[in-house]
Ligand SMILES: [Zn+2]
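Numbering (this note's numbering), first residue to last: 1 to 241.
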């Protein structure tokens with residue numbers, strides 16, 4: 001009886017020990033991943049351009065030409081305290097801490113102004129984006145997949161600085177009509193005061209690579225957001241890219 005207990009005990013200790021090693025290796029891998037601070041352009045040429053080399057920079061540029069490193073994940077992701085549609089998974093509620101705090105302030109202002117907004121999709125991991133893109137590619141072919149979804153590494157949602165918002169006036173969907181609602185107009189107008197821009201404005205597809213998305217806001221910090229808004233430009237132009 002005693003021997004049996006000791007064997008079980010040893011087994012349990014061993015099991016926990018192995019698990020702890022596994023957890024530690026995972027944590028180490030994660031730290032190493034986060035340490036990668038290089039941004040790879042989609043083309044072969046490597047442009048060595050200051051702030052854009054750092055995926056943790058608040059002004060990081062992620063678009064069809066510029067991507068985040070594979071499996072890059074910011075190490076300061078948190079869930080902002082704002083209302084989300086109930087179906088949104090925890091991972092997709094995450095934002096970089098600075099963006100999350102700014103978003104909470106934006107929502108507090110919205111409340112004061114009688115505007116009700118809801119979070120739909122914020123952070124999306126490289127793995128999730130890859131899964132989506134591969135799924136669309138398999139189902140519809142690469143051309144159509146590219147139209148519907150960003151290639152892995154090329155979604156701004158991976159940066160932890162972007163979030164899609166909606167309201168009841170568009171049936172909680174993500175649609176161009178949102179830009180015409182009082183919530184959409186308020187967001188475009190007031191967002192910059194809190195560091196958020198409408199990342200894909202109407203008629204700017206030539207530069208941003210995306211058609212109008214009044215629901216997709218990107219945190220760039222107050223200074224950049226106010227200037228982008230005032231000059232009516234897009235992030236690519238602000239960064240001179
Ligand atoms: Zn979006």
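In this text, a Cβ means the ideal position worked out from N, Cα and C, and glycines have one as well.
Kindly indicate which residue of the options has the alpha-carbon position closest to the one of residue i.
i: residue 117; options: 165, 70, 175; result: 165
i: residue 120; options: 215, 73, 138, 220; result: 215
i: residue 151; options: 80, 223, 69, 55; result: 69
i: residue 113; options: 83, 176, 140, 190; result: 190
i: residue 212; options: 102, 175, 226, 81; result: 175
i: residue 59; options: 85, 89, 96, 83; result: 96
i: residue 122; options: 105, 163, 82; result: 163
i: residue 126; options: 67, 227, 56; result: 67
i: residue 110; options: 206, 232, 167, 172; result: 167
i: residue 171; options: 85, 80, 77, 54; result: 85
i: residue 196; options: 99, 76, 81; result: 99
i: residue 76; options: 83, 94, 227; result: 94
i: residue 74; options: 88, 87, 55, 185; result: 55
i: residue 218; options: 115, 236, 206; result: 236
Can you tell me whether residue i is buried or exposed? The criterion is at least 16 other CB atoms within 10 Å of its CB, across all chains shown.
i: residue 26; result: With a pLDDT of 43 at residue 26, under the threshold of 50, the modelled position of this residue cannot be trusted; read the value that follows with caution. By the neighbour-count rule (16 or more Cβ atoms within 10 Å), residue 26 is not buried but exposed.
i: residue 240; result: exposed
i: residue 311; result: Examination of residue 311 is not possible in this model, given that the chain is present from 1 through 241 alone.
i: residue 23; result: Note on residue 23: pLDDT 42, under 50, position unreliable in the model; the coordinate value appears next. So residue 23 counts as exposed.
i: residue 234; result: buried
i: residue 223; result: exposed
i: residue 92; result: buried
i: residue 192; result: buried
i: residue 153; result: buried
i: residue 72; result: buried
i: residue 155; result: buried
i: residue 103; result: buried
i: residue 50; result: Caution is warranted here: a pLDDT of 34 is assigned to residue 50, below 50, making its placement in the model unreliable, and the coordinate value is therefore given only provisionally. The residue is exposed, with fewer than 16 neighbouring Cβ atoms inside 10 Å.
i: residue 107; result: buried
i: residue 131; result: exposed
i: residue 80; result: buried
i: residue 225; result: buried
i: residue 173; result: exposed
Cβ of residue i within 7 Å of any heavy atom in ligand 1?
i: residue 99; result: no
i: residue 176; result: no
i: residue 86; result: no
i: residue 162; result: yes
i: residue 213; result: yes
i: residue 154; result: no
i: residue 67; result: no
i: residue 121; result: yes
i: residue 229; result: no
Checklist entry - Which runs of the alpha helix (DSSP H), 4 residues or longer, sit entirely within the segment 98 to 157? => result 126 to 140, 142 to 148
Next on the checklist: Under 8 Å: do the segment 179 to 186 and the segment 152 to 161 share three or more Cβ pairs, one atom per stretch?
Outcome noted: no
Checklist entry - Any contact of the segment 129 to 145 with the segment 199 to 213, i.e. 3+ C-beta pairs under 8 Å? => result no
Checklist entry - At what residue ranges does the segment 160 to 236 contain a whole run of the alpha helix (DSSP H), taking only runs of 4 or more? => result 182 to 190, 205 to 208, 222 to 231
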